[in-house]
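Worksheet for the structure shown next.
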């Protein structure tokens, strides 16, 4: 019994220690890689720095014990006289928890049985609809579990982490080869670093994630592919419930804190379904903010902010500035009023200008790329302040989902406004800390307005606003504490209502949880088409067939997913030196000339002249054109390519390869 009680007390601390180790490894891994390399010696140096930091921080860093339920009774089960009677007794006593885990594991089994190597747009194309039934049932059971005092706080925390994992891991499980585009790029880069110790030129970004994965790969033997695929979903599921609970529990200490952690998922969670440095930095930023707003959280927030900076400067710079403002507020009584105003003004200027300057440098540092572009400001804001829209289709379930989806930005603005209104109406001693969120968001809004005027020549037209729109995401993240507290106050009000009202609200909340799950992933239905296909087994086979068929140097024109399949299978060792710089032998990036040639082949005419220009650009002796059957008007393109190519090959009637 003492062992169980001890585990209940230290489980949150174990998670926090693991978070500390992850954060320190991220920071020192990035530093060691940038100034040296991540070979065996570099990994040893990183480990020594992490261990030394752990000793230094011991006693200086608070590790909170989550208050356990006073009504919790831990009983030792005596040796049963009748095994079956003891099982029946256990089931009667814990039937709700048993049903939860039954529904939970069935949901997981459905996901595993739905794994696919085909080119799909959405995981919901292959996941059986019955998955949503068991997700609904497990979520309903979890609401009841969290509303009771039967389970210890540590047990509730672990169950919530498991439920978060079920939400976040759908893409990682279903897409057998991989989901998205960027993870393939990062995986290939990390595999090269693992082999050589470094890649040149060394960037100022992504190093935190690279260092973390490579060090854990070398220590555990787990493949970079698996670590990269599951990193963000697993870490988000492990750390977010604890961080949100710690934050909410200091506001209202009742069961509303646990229910708030669960219903935060209704806000949707797309960044946490895919492992990229940007998404990992969002996770650490949320942790830095929530830890910073708790008692004695300043040191924690500094470590997490530094980790955010090591992963991605676009997110890390605001994190560091926000932490500096937190520190300024803490030590304000010891600073002269004039000095305080100067420092505060300097921090605001830094928050407004550092990100545009960083984006300007990343864009090449050319002042010709800066110009007045009003549409770059207005168009994203139009999406934020959209008018109320209805779904307008015959399926009532999807009507509900897309009424929520089409008006998501409007709902978010209303929730933020209402949360701010009610927060500042209340008497709260911690308003000064929360004022720092308004402070940094004001600076970020100015940074967004300036950054929107920068042109990125290395990006294709439809990707031009990607970087600046991320600033809007950062603004929402800094508003997240207000949203969470507003949600908690609403839940606290609901749980004081009569049972029929609670049941109605719980049912509506379950519908929102299912909606959040569905909308967080790519979709293809009667209402919406995400369009982007996944990399398939056929793409890998096509890449390997071309590699075997070629007798000399060659260049390939193909879409993005086939191109990352080449990167996955063949790595980076296939570059051509041209007058404009090095060119990869598949169309990566999309802003490169090879991708423009590919677009000519699919949207104009698949001609020998275009393929000849691709060979001339690279100096390749042979050229291939790959077209997937799912491409728009692929039948016409394939028929025309057959007339111009020397010969062709078909992979499982899905991918056509033409040689020129």
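Numbering (this note's numbering), first residue to last: 1 to 660.
Note that CB positions come from ideal geometry on N, CA and C, so glycine has one too.
Only a predicted model underlies this, so the values are computations on that prediction, with no experimental measurement involved.
| query | result |
| --- | --- |
| Between which residues of its own chain and residue 629 is the CB-CB distance below 6 angstroms, once the five residues before and five after are set aside? | 654 |
| In angstroms, rounded to a whole number, what distance separates the CA positions of residue 641 and residue 561? | 20 angstroms |
| Counting only runs of 3+ residues fully inside the stretch 192 to 233, write out the beta strand (DSSP E) ranges in chain order. | none |
| Thinking just about the alpha-carbon of each residue, which of 510, 187, 242 is nearest to the one in residue 229? | 187 |
| Using 10 angstroms around the beta-carbon of residue 612, count the other beta-carbons present and answer buried if the total reaches 16, otherwise exposed. | exposed |
| Between the stretch 511 to 521 and the stretch 264 to 279, do at least 3 Cβ pairs fall closer than 8 angstroms? | yes |
| Considering only C-alpha positions, which residue in the set 509, 325, 335 is nearest to residue 350? | 325 |
| Would you call the CB atoms of residue 242 and residue 15 closer than 8 angstroms? | yes |
| Check whether the Cβ atoms of residue 258 and residue 156 lie closer than 8 angstroms to each other. | yes |
| So if DSSP puts residue 667 in a beta bridge, which residue, or which two residues, is it bridged to? | Residue 667 lies beyond the stretch modelled for the chain, which goes from 1 to 660, so this question has no answer here. |
| Should residue 77 be labelled buried (16 or more other beta-carbon atoms within 10 Å of its own) or exposed? | Residue placement at residue 77 is flagged as unreliable, the pLDDT there being 46, under the threshold of 50; a coordinate-derived value is accordingly withheld. |
| Using the Cα positions of residue 150 and residue 87, report the straight-line distance between them to the nearest angstrom. | 19 angstroms |
| Please classify residue 227 as buried or exposed, where buried requires at least 16 other C-beta atoms within 10 Å of its C-beta. | buried |
| Residue 634 and residue 606 - do their beta-carbons sit closer together than 8 angstroms? | no |
| Quick check: the Cα distance between residue 195 and residue 250, rounded to an integer number of angstroms? | 47 angstroms |
| Please say whether residue 33 and residue 207 have beta carbons closer to each other than 8 angstroms? | yes |
| For the beta strand (DSSP E) that contains residue 623, what are its first and last residues? | 622 to 628 |
| Using 8 angstroms as the cut-off, can you tell me whether the stretch 591 to 599 makes contact with the stretch 551 to 567, which would need three or more C-beta pairs spanning the two stretches below that distance? | yes |
| Do the CB positions of residue 160 and residue 24 come within less than 8 angstroms of each other? | no |
| Have a look at the DSSP bridge pairing and note the partners of residue 575. | 584 |
| Do you know how far the Cα of residue 59 is from the Cα of residue 540? | 52 angstroms |
| Quick check: the Cα distance between residue 144 and residue 500, rounded to an integer number of angstroms? | 14 angstroms |
| Count the other CB atoms within 10 Å of the CB of residue 424; is the residue buried (16 or more) or exposed (fewer)? | exposed |
| Would you kindly work out how many angstroms separate the C-alpha atoms of residue 1 and residue 12, rounded to a whole number? | Per-residue confidence for residue 1 stands at a pLDDT of 42, beneath the threshold of 50, marking its modelled position as unreliable; no derived number is given. |
| Which same chain residues end up closer than 7 angstroms to residue 489 when comparing Cβ atoms and leaving out the 5 residues on each side of it in sequence? | 422 |
| DSSP on residue 309, reduced to helix/strand/coil? | helix |
| Can you tell me the Cβ-Cβ gap for residue 138 and residue 107, rounded? I've got them flagged as a contact below 8 angstroms. | 6 angstroms |
| Determine the DSSP secondary structure at residue 300, reduced to helix, strand or coil. | helix |
| Going by DSSP, what residue range makes up the beta strand (DSSP E) through residue 273? | Careful: residue 273 lies outside any beta strand (DSSP E) and carries neither H nor E. |
| Can you check whether the CB of residue 480 is closer than 8 angstroms to the CB of residue 286? | yes |
| I'd like to know whether the C-beta atoms of residue 288 and residue 308 end up nearer to each other than 8 angstroms. | yes |
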